[in-house]
Ligand SMILES: Cc1ncc(C[n+]2csc(CCOP(=O)(O)OP(=O)(O)O)c2C)c(N)n1
Ligand SMILES: [Mg+2]
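Residue numbers (the numbering used here), protein chains in the order written: chain A, 31 to 364; chain B, 21 to 345.
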C-alpha cells in the first residue's frame, strides 16, 4: 500500500517531518515545564511519543482541509500550521492566545488553519468532524476532514454514530485512532471488546488500515495514498496508528499504574529517535540534526518566555462572544 | 394574512428561510416523509433530500454533526423529534453548540436551531411529555424560544434561523393543529427576546408561555366575568426574557403570577419570580405566586395525567387568592 517506508522516503521530506515532530516535542516539553512550575494551570495532556502520527498525517493536508482533535491535541495543531506562540499564550491564559485565553490547552482552535477545535469531551470531536465534512459537501467545497481521537474514544456511542453517519452520507473524512495503549489510567485493551477499532470500522463498511504510528515516514506514505482517494471518492476511511504515550495521562501523572520497565523500554521506539536514525542513514550529519533540534528548542523557549511576559486578557472581554442577545454586560468596578 | 395551523406556520418558516438562504438546511429522523408531526410537509419535494436530510436515529450525531456543519458555514435546523430525545444529545447541545463561540474566542459561530417538540400530549406518559425548557435557560450561549400562536411560530422560527447563536426552539405538541392568522409576508420576523401582551388587565400580571398561554387566556376570561382584570403576558422567548414588559405590567397591576406546564420546582417561573421580587418588592401588594406541575413523572393513565395539568380553574383560584389578600 504505502510507498514511503522508512527505507525509501525522500530525505528532504523526512527532514520536514522530523522538524515538525521536534517542534511538537519542544513545545510540549516547554508546556510540561510551565505546568509543573504552576505557570500553566489545569490539565495538560502531552502527546510525547505520539508525534509521528500528527506530523505524518498533517503533512498530507492542504491548509483548507480541516481537523478536529482531542484533549491531547497540541501536536495536531502545530502540524496543521497553528502558530505555537498563540498556542502557548493560550496555555498561559493570556491575551493573544488562539482563543484569547478563554479556552486553554483543551480548547485550542485555529479556524484559519483548518483546526476546528480540540475538545474536552472524549469522542465529541467525532460528530463535529463528520458534520464539518457534511457541511463542506452541502456547500460544494473540496475539503477533507481528519478526525483524531484516542483508543478510549471508540467505546463511546458517538464513535459508532459518527462512523455510520460518515459512511451513509459518503463524507470525506479520515478517522485517525491513536492507539497509545491507555485511556487515562486504564489499559485500553482491558475495556475494549472484540476486534477493536478497525473491526468496528470495517463492520460499518469503512475501509480500515493499520500502521506503526511511530514510523513517521510510514504514516506519511500511507496517508499520502489515502487522502487523494478520500478526496476523489468522497468516502470515509479509517486509520489505526499504534503508538505509546511515553508520559502520564497529564503532565502531573507519574503513571505508576504501568510496568515501569516496559514503559522505559518504549523510549527505544521514540518516533523522533527513529526518524533521526533514518536521517543519519540518509546522510544527515549530527550537526545538521542538532541544528534542527536547537532551532525547535529555541523557538519554544522564546514562545514560553513571551507567554510568561504577556498580559492576562482584559476583564472587559469576560463576557464577549457568549451570545448576541442575553449575555451579561460587563461593568467596570466603580 | 392567511389562516393556517401552528404546524403549517413552522413549515412555512423553514421553507421561506431555505429559499432565502442556500446555507439553511434541515436534518432529523423521518423528515423525508414530512416529519413525525407533519411540520416538514412538502419540503423534501421542493428542496431535495440533501437539504431536507433523513438521518439515522443518532441524536448525539444529529446534534454534533450540526455543530460541525455550522462551524464551517451552514445553518442547520435540527429536528429532535421529542424534547425527551434531545437528552441523548445534551453534550452536543450544552458542551459543544453553546460553548464553541466563547471557548474558541469568537473564531466561530454555531447558528443552529434545535427544534424540540415538548409538553403533555394525551397519553404519552413520562418519556414523551416533558417540558424541559428551564434546563436550557440555565446554559450560557443558548437562546430559548417557546412560541404559542401560529403567527409566532412563523415569525420566531424565522428569527431563530437567522440568529447566529444556537436557539433551543420549543414547540408544543398540543399546538400543531391550532389555527390562527399568520402574515403572508416572507419577511415577517418576530424578534427574539420580545414578549407579547396576549390580554390586557389591571389587577394581576400573569406571565406564561407556550400552550399555557391559551389556558391562561381562558382563566382571564373567567376572571373578567367576576370583574377581575388579568394581564396575560406571552413571554415567547425565555432567554433572554422580556423583563421590561413584565416589569411595566407588574408596576401597573402590583401582582405577579407565573404559570408553566413544566415541573414547578426549579422551573423558569422561579427565575421570573425571583427577579421581580429583587427589583419590584416596593410595588408588590401581594405575594408572588407560581403555578407549575407537581414534581412527578407524567402518568399514562388519563386521570393521573390530568392531575398534573394546569387548568383555567387552578389559575383562577390562585389569582383570586392573590387579589383577595
Ligand atoms: C466523555 C468523557 N468521559 C471522560 C473523560 C475524562 N477523560 C479525559 S481523557 C480520558 C482518556 C481518553 O483516552 P483516549 O481516548 O484513549 O485518549 P488519550 O488520552 O489516550 O489520548 C478520559 C477518560 C472525558 N474527558 N470525557
Ligand atoms: Mg488512548
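Even for Gly, the Cβ is constructed at its ideal location relative to N, Cα and C.
Source: prediction; values computed, not measured.
Query, Result
"Chain A contact for residue 3 of chain B (CB, 9 Å cutoff)", "What the structure shows of chain B is the stretch from 21 to 345, and residue 3 of chain B is not part of that stretch, so it cannot be assessed."
"Length of the line joining the Cα atoms of residue 143 of chain A and residue 173 of chain A", "13 Å"
"Reference residue 106 of chain A; option with closest CA among A:91, A:300, A:85, A:117", "A:85"
"Residues surrounding ligand 2 [beta-carbon distance to nearest heavy atom under 6 Å]", "A:180, A:181, A:182, A:210, A:212, A:213, A:218"
"Chain A contacts from the segment 59 to 86 of chain B (Cβ-Cβ distance under 7 Å)", "70, 76, 78, 80, 81, 84, 85, 86"
"Residues near residue 71 of chain B by beta carbon distance below 6 Å, same chain, minus five either side", "45"
"Local conformation of residue 45 of chain A per DSSP, three classes", "helix"
"Beta-carbon proximity list for residue 143 of chain B, same chain, < 8 Å, skipping 5 on both sides", "320, 322, 325"
"For residue 140 of chain B, the residue or residues it bridges with in DSSP", "Bridge partners of residue 140 of chain B: none, in fact."
"Separation of residue 177 of chain A from residue 31 of chain A, as counted between CA atoms", "Any reading at residue 31 of chain A is ruled out, since the residue's pLDDT is 43, under 50, leaving its predicted position unreliable."
"Backbone CA spacing between residue 244 of chain A and residue 62 of chain A [nearest angstrom]", "21 Å"
"Short Cβ contact (9 Å threshold) for residue 83 of chain B with residue 106 of chain B", "yes"
"Per-residue contacts from residue 185 of chain A into chain B (C-beta, under 8 Å)", "The contacting residues do not exist; residue 185 of chain A stays about 14 Å from chain B at best."
"Contact list for the segment 246 to 259 of chain B against chain A, Cβ threshold 8 Å", "259"
"Those runs of the alpha helix (DSSP H) which lie wholly inside the segment 222 to 262 of chain B and span at least 4 residues", "232 to 245"
"Distance cut-off 8 Å: residue 279 of chain A Cβ against heavy atoms of ligand 1", "yes"
"Helix, strand or coil at residue 242 of chain A according to DSSP, with G and I counted as helix", "strand"
"Complete beta strand (DSSP E) runs within the segment 69 to 108 of chain A (minimum length 3 residues, chain order)", "96 to 98"
"Neighbour flag for residue 113 of chain A against chain B, beta carbons, 9 Å", "no"
"Beta-carbon proximity of residue 318 of chain B to residue 275 of chain B, cut-off 9 Å", "no"
"Contact with chain B by residue 161 of chain A, beta-carbon distance below 9 Å", "yes"
"Residue nearest to residue 40 of chain B in terms of C-alpha spacing, selected from B:288, B:227, B:178", "B:178"
"Same chain only: Cβ atoms within 7 Å of residue 94 of chain A, ignoring 5 sequence neighbours per side", "144, 173"
"Against chain B: residues of the segment 125 to 140 of chain A by CB proximity under 8 Å", "127, 128, 129, 130, 131, 132, 133, 137, 139, 140"
"Distance, residue 51 of chain A Cα to residue 286 of chain A Cα", "26 Å"
"Residues bridged to residue 49 of chain B [DSSP beta-bridge criterion]", "Looking at the DSSP assignment, residue 49 of chain B forms no beta bridge with any residue, so it has no partner."
"Rounded separation between residue 33 of chain A and residue 147 of chain A - CA only", "With a pLDDT of only 48 at residue 33 of chain A, under 50, the local geometry of the prediction cannot be trusted, and no value is derived from it."
"CB contact flag (residue 171 of chain B, residue 203 of chain B, <9 Å)", "yes"
"Separation of residue 340 of chain B from residue 343 of chain A, as counted between CA atoms", "53 Å"
"Residue 164 of chain A at chain B interface by Cβ criterion, 9 Å", "yes"
"Residue 342 of chain A: CB within 8 Å of a non-hydrogen atom of ligand 1", "no"
"C-beta contact flag for residue 11 of chain B and residue 22 of chain B at 9 Å", "What the structure shows of chain B is the stretch from 21 to 345, and residue 11 of chain B is not part of that stretch, so it cannot be assessed."
"Where residue 96 of chain B sits in the DSSP three-state scheme", "strand"
"Given residue 133 of chain B as reference, the closest of B:335, B:30, B:24 once Cα atoms are compared", "B:30"
"Contact check, residue 206 of chain A vs residue 179 of chain A, beta carbons under 9 Å", "yes"
"CB of residue 240 of chain B within 9 Å of CB of residue 219 of chain B, strictly", "yes"
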